[in-house]
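Protein chains in written order, with the working numbering: chain A, 3 to 387; chain B, 3 to 387. Here a beta-carbon is modelled for each residue, glycine too, at the ideal position from N, C-alpha and C.
Number of protein chains: 2
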Amino acid sequence: MLLDQQYLFAPGPTPVPDRVKHAMNQPMIAHRSPEFPKLLEEVSTRLMPVFGSQHPVTILASSGTSALEAAAANVIEENDHVVVIIAGAFGDRFASICETLGAHVHRLNVEWGKACTPEQLEDFLRSNPKNLKAVFATYCETSTGVVNPIRELGHVTKRLTDALFIVDGVSCIGAVPVDMKEWKIDILVSGSQKALMLPPGLAFVAVNDTAKEVIRNCKAKRFYLDLNHYLSSYENDKSTPFTPAVSLIYGAQEVCNMFEEEGFENVINRHQVLKTMVREGLKAIEVPLLTSDEDASPTVTAVRTIDEPSKQIKKLLKDKFAITLGGGQKKLKGEIFRIGHMGYCTPFDVLKVLASIEMTIKILEGKNVMGIALKRAEEVWMENV
Amino acid sequence: MLLDQQYLFAPGPTPVPDRVKHAMNQPMIAHRSPEFPKLLEEVSTRLMPVFGSQHPVTILASSGTSALEAAAANVIEENDHVVVIIAGAFGDRFASICETLGAHVHRLNVEWGKACTPEQLEDFLRSNPKNLKAVFATYCETSTGVVNPIRELGHVTKRLTDALFIVDGVSCIGAVPVDMKEWKIDILVSGSQKALMLPPGLAFVAVNDTAKEVIRNCKAKRFYLDLNHYLSSYENDKSTPFTPAVSLIYGAQEVCNMFEEEGFENVINRHQVLKTMVREGLKAIEVPLLTSDEDASPTVTAVRTIDEPSKQIKKLLKDKFAITLGGGQKKLKGEIFRIGHMGYCTPFDVLKVLASIEMTIKILEGKNVMGIALKRAEEVWMENV
């Protein structure tokens with residue numbers, strides 16, 4: 003009934019717009035030819051407002067986790083003390099990276115499904131060593147669909163410590179507001195395959211002057227992910243130290259066109275509407291959500307499953323409706339599924355996923371809630387047209 | 003809110019699947035090289051079940067109207083008598099073509115929005131000259147969303163006359179059953195840009211042995227559309243007399259793959275479900291339809307407009323929801339709009355267009371019918387999963 007169509011609602015990778023695919027199909031250029039520095043400078047600069055950065059954004063040919071590692075590996079030296087806010091699987095990953103690098107990691111564990119409050123961070127910092135190298139936070143915790151109050155956490159960090167404030171923005175940058183200077187973020191990282199509407203394969207690292215200084219003096223050994231190579235290569239000849247993923251950067255150039263045409267304020271607003279449509283629609287049919295409205299991410303929504311294991315629901319949505327969702331990770335495995343609604347996603351896409359959930363409830367439970375989530379979602383859309 | 007997305011629900015051209023686009027991007031080949039005859043023979047043969055034809059289907063590099071003209075111009079000589087069943091703009095066009103060719107055209111006018119009954123044709127044939135060269139009928143009258151009962155009309159034609167029975171299948175072949183032999187069709191024509199999921203640019207003419215004989219002996223002058231050239235060129239070396247639209251034929255090859263993968267029975271069934279979803283959904287919110295369920299086409303639905311002129315509704319659907327519909331043509335201009343639901347169209351697409359109509363009613367009339375058409379359409383879908 004659906005031909006070859008497949009609908010990608012994973013919380014990344016996300017659908018790639020046709021015009022981005024076309025842009026990536028431009029003829030290959032040599033990255034040591036004069037064309038490439040022009041392209042890199044343009045894209046690095048046009049991404050500044052998206053990252054709320056005062057400086058061009060560094061682009062690596064690697065995926066999101068490498069950006070997390072680069073952010074940590076370029077500042078942490080053996081036996082450094084760091085705090086990692088852990089409210090889900092990706093906070094946990096940030097901690098593992100820091101541990102691998104030989105740091106003493108102080109884990110601020112937050113209940114999965116909730117955001118870290120500024121008070122929690124303040125209490126934690128007061129009861130832990132003062133000579134911290136860095137505080138690591140996750141903007142959107144993909145595994146739970148929670149956004150942490152980055153601005154407030156940044157202010158607490160700077161008020162109480164001299165630590166760098168390092169933020170994982172992988173599953174939300176491109177869909178949310180951010181201001182590195184005002185929010186006190188020293189390093190902000192992201193990947194290409196989420197709200198930035200690109201295939202996987204690019205990592206982005208935005209660095210402020212304070213962090214640049216720390217990176218310059220950091221004695222830890224690294225090579226491909228040494229940000230000094232990238233920063234000086236960019237400074238000297240607007241290039242990259244190693245072979246860049248040229249096609250993906252052409253794609254990023256087209257994404258910049260799309261952001262600017264829509265207006266980045268409108269991009270952010272669209273994601274708020276998508277989030278509200280999903281949440282209000284699901285509430286209307288009494289599907290329980292993992293997070294509160296306040297803590298909820300505009301890019302991914304975690305749905306609790308009660309009677310049916312999430313694996314069966316996911317399988318049915320895939321088999322009958324060709325819809326790919328995310329499952330639960332680590333301690334939430336089997337207890338939730340996750341709907342990605344970021345990047346190249348419109349209100350029509352939300353209607354699609356809600357209709358499929360309505361019909362899945364009919365198939366699994368025999369309960370007819372068809373049209374109810376859709377009605378509520380349409381109302382939300384209409385309030386925002 | 004919808005980024006660059008555009009949703010094409012015109013009754014042709016229709017959306018082209020990605021895999022068809024990819025197929026059309028294959029390297030160009032010379033049509034006098036050995037590769038082309040293989041391609042042409044394969045596609046002409048694989049289209050036989052789609053056209054219900056006993057012979058390979060002739061492929062012209064031109065659009066649908068040329069197929070209508072070819073069907074007429076290759077059999078009609080000056081002063082021939084023909085009957086044309088006219089139940090809408092495309093029946094009317096068939097008559098104009100026949101008149102241009104110098105025929106005496108006997109117009110069987112049927113109320114627009116209704117199908118021609120076998121009894122109507124029988125009465126008409128009994129009261130008109132017996133030495134008819136051809137009876138022309140339209141399978142799906144695109145302008146009204148009506149399907150004529152071709153099988154019954156074919157049988158009446160053959161019972162009462164020696165005329166050829168010539169059928170315009172432009173806006174439905176690829177979505178409906180057809181059997182030229184059993185239904186007594188001598189010539190069946192179609193175009194690429196409707197249910198066949200291709201861009202415009204190909205015309206298809208399926209011809210049986212009786213028609214072939216008439217075409218061979220026809221003395222009317224023609225060149226590009228002379229089917230004798232095509233039939234003999236195919237017979238002699240599986241080629242075309244003039245330059246073929248190679249890329250579109252590669253596309254048609256991929257469409258054959260898609261039809262065979264889905265199963266052509268399932269393709270036909272899918273269109274029935276799409277039709278029923280559209281009609282039942284619109285009825286649930288009291289939007290009046292032009293045609294009865296029995297006469298309605300599985301490929302296009304005509305919707306009456308009451309309070310608002312169709313132009314305003316169409317404009318709103320385009321401006322707010324990026325949805326392109328068809329308007330009314332000729333005497334139905336301003337009184338209807340038309341929803342195409344054929345080819346690369348799924349139940350999710352029907353939900354999209356119904357949601358947009360629900361929201362448009364809210365915007366234009368303030369009436370909240372949101373979710374109601376969708377609920378009914380989902381129910382129809384569920385009955386057919």
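According to the DSSP assignment, T303/A belongs to no alpha helix (DSSP H) but to the beta strand (DSSP E) extending over 302-306. For the pair P51/B and Y236/B, the CB atoms are not nearer than the 9 Å cut-off. Contiguous alpha helix (DSSP H) elements confined to the stretch 325-375 of chain B occur at 349-367, taking only those with 4 or more residues.
Residues of chain A with a Cβ closer than 9 Å to the Cβ of R281/B do not exist, since the nearest Cβ in that chain sits about 17 Å away. Annotation for A286/B: the continuous alpha helix (DSSP H) segment containing it runs 266-286.
Excluding the 5 residues flanking it on each side, F96/B has same chain C-beta neighbours closer than 8 Å at L70, A74, V86, I88, F138, T140, D170, in chain order. R161/B carries a helical assignment under DSSP once its states are collapsed to helix, strand and coil. Under the three-state reduction of DSSP output, Y232/A falls in the helix class. Against chain B, the CB of M26/A has no partner CB under 9 Å away; the residue lies outside that interface. Under DSSP, R109/A shares a beta bridge with V86/A.
The same chain holds no residue with a CB closer than 8 Å to that of E263/B once the five nearest residues on each side in sequence are set aside. If the five residues before and after N111/A are omitted, its C-beta is found closer than 7 Å to the C-beta atoms of I88, all from its own chain and listed in chain order. Following the DSSP letters along the chain, one finds G93/A inside the alpha helix (DSSP H) bounded by residues 91-102.
Annotated three-state conformation of K23/B is helix, per DSSP. By the beta-carbon neighbour count (other beta carbons within 10 angstroms, threshold 16), D321/B is exposed. Secondary structure at L227/B: coil, using DSSP grouped into helix, strand and coil.
For M3/A, the nearest CB of chain B lies under 9 Å from its own CB, placing it at the interface with that chain. Within the same chain, Cβ atoms closer than 7 Å to the Cβ of T245/A are found at H33, A63, the five residues on either side in sequence being excluded. Residue-level contact by beta carbon fails for G14/B and chain A, as no gap is shorter than 9 Å. Chain A has no Cβ within less than 9 Å of the Cβ of E288/B. At least one CB atom of chain A sits nearer than 9 Å to the CB of I365/B. For a Cβ distance threshold of 8 Å, nothing in chain A lies close to D321/B: the least Cβ distance comes to about 10 Å. Residue nearest to V355/B within the set K333/B, I217/B, N370/B, V280/B is V280/B (criterion: CA-CA distance). Annotation for I315/A: the continuous alpha helix (DSSP H) segment containing it runs 312-323.
Counting along the chain, no beta strand (DSSP E) covers T212/A; the unbroken alpha helix (DSSP H) around it starts and ends at 211-219.
At a Cβ-Cβ threshold of 9 Å, G329/A and T301/A do not count as neighbours. By the Cβ rule, the stretch 195-211 of chain B counts as touching the stretch 240-258 of chain B, because three or more pairs are nearer than 8 Å.
By alpha-carbon distance to Q7/A, the top candidate from T348/B, A375/B, E380/B, M3/B is T348/B.
In this structure, the alpha-carbon of V45/A lies about 10 Å from that of T60/A.
In this chain, the alpha helix (DSSP H) harbouring L41/B covers 37-48. As the crow flies, the alpha-carbon of P36/A is around 18 Å from that of S234/A. With respect to chain A, the C-beta atom of A357/B has a partner C-beta closer than 9 Å. Closest in C-alpha terms to L4/A, from the list K317/B, K369/B, F261/B, T362/B, comes F261/B. Under the Cβ criterion of 9 Å, R378/A is counted among the residues facing chain B. For T307/A, there are no C-beta contacts with chain B under 7 Å, since the nearest C-beta of that chain is about 21 Å from it. Counting only residues of its own chain and dropping the five nearest sequence neighbours on each side, K364/A has a CB closer than 7 Å to the CB of N370, M372.
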